[in-house]
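Remarks on the structure that follows.
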Amino acid sequence: MIKLTNIRKAYNQGRENEFWALDGINLEIEAQRVTALCGPSGSGKTTLLTIVGCLARPTSGRVHLKERDISGLPERFLTEIRRSTFGFVFQQFNLIKGLSARDNVMLPAYPLGGDWRALHDRAETLLDSLKLGHRRDARVEWLSGGEQQRVAIARAMINDPQVVIADEPTANLDTALSREFLAILENLKEQGKTILLTSHDPLVIESTVVDTVVNLRDGRLVRGA
Amino acid sequence: MLSRNSHRALVFLTFILVAFLLTFADAASQRTSRSAALAANARLVERLGLTDLCLFTEARYTRHPSQADLHSAFQDHPIGLEHFPSGSLLPPPRSLAASYENLDRKTNRPD
Amino acid sequence: MKIWIEKQTALIDFTLASLARRKVKNFGLLLVYMLIVFLLASVMLYTSALRREAAQVLKNSPEVIVQRMVAGRHDLIPPGYLERLGRIRGVQKKEGRLWGYYYDAVVKANYTFMVPTAGAVAAGKVADGKIVVGAAVARERGLVPGNLISFRSYSGRQFSFAVADVLPHEAELVSADLLLLSEADYRAFFQIPAGHYTDIALSVANPQEVRNIAAKLAETLPDSRPILREEVLRTYESIFNWREGIVLVLLSGSILAFAIFAWEKASGLSAEEKREIGILKAIGWETGDVLKMKFWEGALISLTAFLLGYIAAYLHVFRFSAALFEPVLKGWAVLYPRFELVPAVDGFQVATLFFFTVFPYTVATIVPIWRAAITDPDAVMRS
Ligand SMILES: Nc1ncnc2c1ncn2[C@@H]1O[C@H](COP(=O)(O)OP(=O)(O)O)[C@@H](O)[C@H]1O
Ligand SMILES: [Mg+2]
Numbered sequence: 002m003i004k005l006t007n008i009r010k011a012y013n014q015g016r017e018n019e020f021w022a023l024d025g026i027n028l029e030i031e032a033q034r035v036t037a038l039c040g041p042s043g044s045g046k047t048t049l050l051t052i053v054g055c056l057a058r059p060t061s062g063r064v065h066l067k068e069r070d071i072s073g074l075p076e077r078f079l080t081e082i083r084r085s086t087f088g089f090v091f092q093q094f095n096l097i098k099g100l101s102a103r104d105n106v107m108l109p110a111y112p113l114g115g116d117w118r119a120l121h122d123r124a125e126t127l128l129d130s131l132k133l134g135h136r137r138d139a140r141v142e143w144l145s146g147g148e149q150q151r152v153a154i155a156r157a158m159i160n161d162p163q164v165v166i167a168d169e170p171t172a173n174l175d176t177a178l179s180r181e182f183l184a185i186l187e188n189l190k191e192q193g194k195t196i197l198l199t200s201h202d203p204l205v206i207e208s209t210v211v212d213t214v215v216n217l218r219d220g221r222l223v224r225g226a
Numbered sequence: 205m206l207s208r209n210s211h212r213a214l215v216f217l218t219f220i221l222v223a224f225l226l227t228f229a230d231a232a233s234q235r236t237s238r239s240a241a242l243a244a245n246a247r248l249v250e251r252l253g254l255t256d257l258c259l260f261t262e263a264r265y266t267r268h269p270s271q272a273d274l275h276s277a278f279q280d281h282p283i284g285l286e287h288f289p290s291g292s293l294l295p296p297p298r299s300l301a302a303s304y305e306n307l308d309r310k311t312n313r314p315d
Numbered sequence: 011m012k013i014w015i016e017k018q019t020a021l022i023d024f025t026l027a028s029l030a031r032r033k034v035k036n037f038g039l040l041l042v043y044m045l046i047v048f049l050l051a052s053v054m055l056y057t058s059a060l061r062r063e064a065a066q067v068l069k070n071s072p073e074v075i076v077q078r079m080v081a082g083r084h085d086l087i088p089p090g091y092l093e094r095l096g097r098i099r100g101v102q103k104k105e106g107r108l109w110g111y112y113y114d115a116v117v118k119a120n121y122t123f124m125v126p127t128a129g130a131v132a133a134g135k136v137a138d139g140k141i142v143v144g145a146a147v148a149r150e151r152g153l154v155p156g157n158l159i160s161f162r163s164y165s166g167r168q169f170s171f172a173v174a175d176v177l178p179h180e181a182e183l184v185s186a187d188l189l190l191l192s193e194a195d196y197r198a199f200f201q202i203p204a205g206h207y208t209d210i211a212l213s214v215a216n217p218q219e220v221r222n223i224a225a226k227l228a229e230t231l232p233d234s235r236p237i238l239r240e241e242v243l244r245t246y247e248s249i250f251n252w253r254e255g256i257v258l259v260l261l262s263g264s265i266l267a268f269a270i271f272a273w274e275k276a277s278g279l280s281a282e283e284k285r286e287i288g289i290l291k292a293i294g295w296e297t298g299d300v301l302k303m304k305f306w307e308g309a310l311i312s313l314t315a316f317l318l319g320y321i322a323a324y325l326h327v328f329r330f331s332a333a334l335f336e337p338v339l340k341g342w343a344v345l346y347p348r349f350e351l352v353p354a355v356d357g358f359q360v361a362t363l364f365f366f367t368v369f370p371y372t373v374a375t376i377v378p379i380w381r382a383a384i385t386d387p388d389a390v391m392r393s
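Chains as they are written, first to last, in our numbering: chain A, 2 to 226; chain B, 205 to 315; chain C, 11 to 393.
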């Protein structure tokens with residue numbers, strides 16, 4: 002599904018505080034599987050997610066999405082790919098405060114200009130399936146952490162992406178909510194989504210839902226873990 | 205269909221846009237309906253030989269700005285203190301000053 | 011096309027939802043914005059209608075008025091002066107006029123006393139002892155035709171007049187303070203001996219010759235000051251010009267304050283807003299989508315403010331006689347004409363007002379967003 006070849010990423014390149022967050026990553030992410038990036042804080046997990054998810058470009062190396070080399074594409078096309086292929090669940094959820102849960106879920110579809118009524122119904126169905134139907138008109142800042150995450154998941158799903166990317170999804174959840182999240186993950190996998198997430202939470206890494214665990218340290222893959 | 209904010213906003217905008225256009229229609233209709241009164245005023249001006257609008261009646265130079273002494277708006281001195289607020293709405297008629305200068309230069313005898 | 015419309019309405023939905031989050035602040039902004047447009051449009055509509063009306067009404071005022079200057083002041087025309095004018099070629103008709111000011115201590119108002127030219131007023135209305143008064147004078151003194159009124163002249167004598175008629179209300183803009191009386195009464199009242207006049211009205215055979223005649227006048231009668239009709243008209247063209255006026259001084263202050271306020275509001279991107287733009291970009295909005303969304307915000311606010319402000323100004327000026335300007339225009343005057351201006355709306359001026367109110371605000375909303383919207387979308391991954 003996604004193939005990374007010799008990916009390197011530098012922050013502040015050419016300046017005094019140049020820092021190589023990723024240093025020669027070769028990785029293949031299989032379709033319809035759950036891949037977990039694991040590693041200590043600062044090892045480059047989030048950076049890798051931004052590159053896979055077309056939020057950032059690698060300093061060098063190639064990214065192939067379904068055989069297509071996307072590492073050299075201009076921003077416009079990357080946005081296009083990001084919108085149609087990826088759904089994001091951010092660590093801080095990154096919901097827009099002041100808007101209702103439903104409005105937040107609908108946001109990624111606005112620039113597509115599809116039928117509003119259909120979009121509206123799709124958002125409600127998604128919220129219902131995540132057991133949030135009763136909170137759809139509530140402002141997101143009134144929701145609990147678990148509810149906010151489920152809104153973020155619904156938002157990630159609204160454009161029906163093939164790949165779902167989640168950064169530290171359980172970092173802000175207690176054990177019970179983390180289990181609930183894994184159940185949702187299971188469900189997404191059954192729907193045929195490819196899932197890429199980062200975590201250093203044993204509950205996630207050791208879960209049966211996760212098919213592949215990739216270990217990272219100092220911007221390099223650690224083999225045989 | 206009014207359940208969407210955007211639709212409500214567009215209906216509202218259309219509504220005030222129509223009201224905006226109606227002001228032009230109203231202006232046009234008032235102009236026709238009151239043209240007779242305007243013409244009557246113009247005739248009154250002609251018959252009585254009036255020269256000014258009766259806007260400010262507090263002083264000579266505000267009641268008849270076109271007939272006022274050249275410097276009266278400044279109390280006979282260009283930087284004399286102004287007494288009336290309407291004076292700030294009425295500049296000393298520049299055209300008069302200009303033509304007066306003009307005529308001044310054309311005569312060879314001093315005033 | 012359908013997709014375009016759906017997209018724009020969706021962006022408008024979002025923009026409205028975000029505006030609704032800070033209802034009080036945004037509503038306050040809209041209100042202040044509307045007030046500014048209202049004041050600007052009121053001044054604009056009022057002055058342009060007044061100028062237009064002045065031009066239409068005064069187009070028939072005397073072609074040339076000749077004043078006599080003594081020591082820099084307007085003085086009476088002495089006997090014989092009128093005859094000397096006759097020698098100037100091109101002068102068709104000349105007429106000595108009698109008019110002046112009278113301060114009525116009873117109501118503390120100034121009137122303009124005037125002797126109408128022969129035939130100007132229906133026969134018998136202005137005869138010795140009979141007067142015709144302007145509508146504002148009648149209102150101020152509570153006069154109706156048939157009433158008697160007396161004035162104390164500057165010589166101390168008391169004069170009584172019978173009111174024969176009141177000039178029509180519709181004519182107040184030109185005649186509110188007039189008091190028309192006979193020549194004999196006028197001369198007796200102000201003690202102006204026969205042969206003296208206030209000034210002289212000339213009519214000219216060939217309108218093209220007016221300037222030459224004025225020059226000749228200044229030549230033959232060096233103490234005269236000719237005032238041409240075109241100068242009268244130009245006086246009223248320049249009155250209430252954009253740059254003049256206490257209203258505009260006050261306005262420019264408030265406009266400046268609003269500009270700062272709007273700039274603050276529109277350009278001062280809070281960290282929160284920057285974060286939101288980052289989120290939108292991360293979830294698949296293009297830079298252009300963010301800009302379009304912000305464009306709608308600016309356009310909706312400024313368009314609403316412009317339209318509502320303009321409509322309110324129109325109603326204010328042409329339906330409520332510009333009631334808010336009255337205290338300013340009235341000044342110290344006691345006698346104030348009541349008039350309803352005939353609407354004269356200059357499309358170009360409206361377009362200018364539109365441009366200067368809607369355009370800068372919309373731009374001020376978009377430009378700072380531009381800079382925030384072109385930042386890299388991966389920034390939201392770390393917060
Ligand atoms: N914008 C940035 N500028 C400079 N350094 C950065 C930036 N983003 C991340 N880094 C650095 O890159 C390294 C990897 O970061 P990150 O991918 O967020 O790690 P992780 O998600 O595994 O904790 C860290 O040491 C971090 O300090
Ligand atoms: Mg991280």
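Backbone N, C-alpha and C fix where the C-beta goes; we use that ideal spot for every residue, glycine too.
All values reported here derive from a predicted model rather than from experimental measurement.
| Check | Outcome |
| --- | --- |
| Ile26(A) and Cys55(A) closer than 8 Å at C-beta | no |
| Cutoff 8 Å; reference Val210(A); Cβ partners in own chain excluding five residues on either side | Val35, Leu183, Leu186, Glu187 and Lys190 |
| Cβ-heavy atom distance, Glu76(A) to ligand 2, below 7 Å | no |
| Where Tyr12(A) falls, given that 16 or more other Cβ within 10 Å makes a residue buried | exposed |
| Chain B contact residues for Pro88(C), given Cβ-Cβ distances below 8 Å | The premise fails here: Pro88(C) is roughly 17 Å from chain B at the closest Cβ pair, so nothing lies under 8 Å. |
| Any chain F beta carbon closer than 8 Å to Ser331(C) | The structure shown has no chain F; the protein chains it does contain are A, B and C. |
| Rounded straight-line distance, which links the Cα of Ser208(A) to that of Asp202(A) | 10 Å |
| Any 3 or more C-beta pairs closer than 8 Å across the stretch 184-194 of chain C and the stretch 77-91 of chain C | no |
| Straight-line gap, Ala157(A) to Gln92(A) (C-alpha atoms, nearest Å) | 13 Å |
| Any chain C beta carbon closer than 8 Å to Arg77(A) | yes |
| Min CB distance Pro170(A) to chain C below 8 Å | no |
| Chain-ordered residues of the stretch 233-266 of chain B with a beta carbon less than 7 Å from chain C | Gln234, Arg235, Arg238, Ala241, Leu242, Ala244, Asn245, Ala246, Leu248, Val249, Glu250, Arg251, Leu252, Gly253, Leu254, Thr255, Leu257, Cys258, Leu259, Phe260, Thr261, Glu262 and Arg264 |
| Enclosing alpha helix (DSSP H) for Trp380(C) [first to last residue] | Gly357 to Ala383 |
| Beta-carbon proximity check, His65(A) vs Ile8(A), cutoff 8 Å | no |
| Rounded C-alpha distance that separates Thr195(A) from Val53(A) | 12 Å |
| Reference Met391(C); option with closest CA among Ile289(C), Leu318(C) and Glu193(C) | Ile289(C) |
| CB of Glu125(A) within 8 Å of CB of Arg137(A), strictly | yes |
| Rounded separation between Glu241(C) and Leu55(C) - CA only | 23 Å |
| Proximity test, Cβ basis, 8 Å: Glu286(C) and chain A | yes |
| Thr244(A) beta carbon near ligand 2 (any heavy atom closer than 7 Å) | Because chain A here runs from 2 to 226, residue 244(A) falls outside it and cannot be looked at. |
| Residue(s) in a DSSP beta bridge with Asn216(A) | Cys39(A) and Val223(A) |
| At least three beta-carbon pairs within less than 8 Å, the stretch 107-123 of chain A to the stretch 312-319 of chain C | no |
| Sufficient close CB pairs (3 or more, under 8 Å) joining the stretch 132-142 of chain C to the stretch 164-173 of chain C | yes |
| Identified DSSP bridge partners for Asp85(C) | Arg78(C) |
| Contacts that Val355(C) makes with chain B (C-beta to C-beta distance below 8 Å) | Thr227, Phe228 and Ala231 |
| Test: Arg9(A) CB closer than 8 Å to a CB of chain C | no |
| Beta-carbon gap between Ser234(C) and Phe200(C) smaller than 8 Å | no |
| Closer than 7 Å at the beta carbon, the chain C residues around Phe182(A) | Neighbours of Phe182(A) on chain C: none; closest Cβ ~19 Å, over 7 Å. |
| Proximity to Asn209(B) [Cα-Cα], best of Gly100(C), Ser28(C) and Thr127(C) | Ser28(C) |
| Leu60(C) - DSSP class collapsed to helix/strand/coil | helix |
| Burial state of Glu29(A) (16 or more Cβ within 10 Å) | exposed |
| Sub-8 Å separation of Leu50(A) and Gly220(A) beta-carbons | no |
| Distance cut-off 7 Å: Thr171(A) Cβ against heavy atoms of ligand 2 | no |
| Distance between beta carbons of Ser185(C) and Leu177(C), contact taken as under 8 Å | 5 Å |
| Residues near Ser44(A) in its chain [Cβ-Cβ closer than 8 Å; skip 5 each side] | Leu217, Arg218, Asp219 and Gly220 |
| Contact test: Asn95(A) Cβ vs ligand 1 heavy atom, cutoff 7 Å | no |
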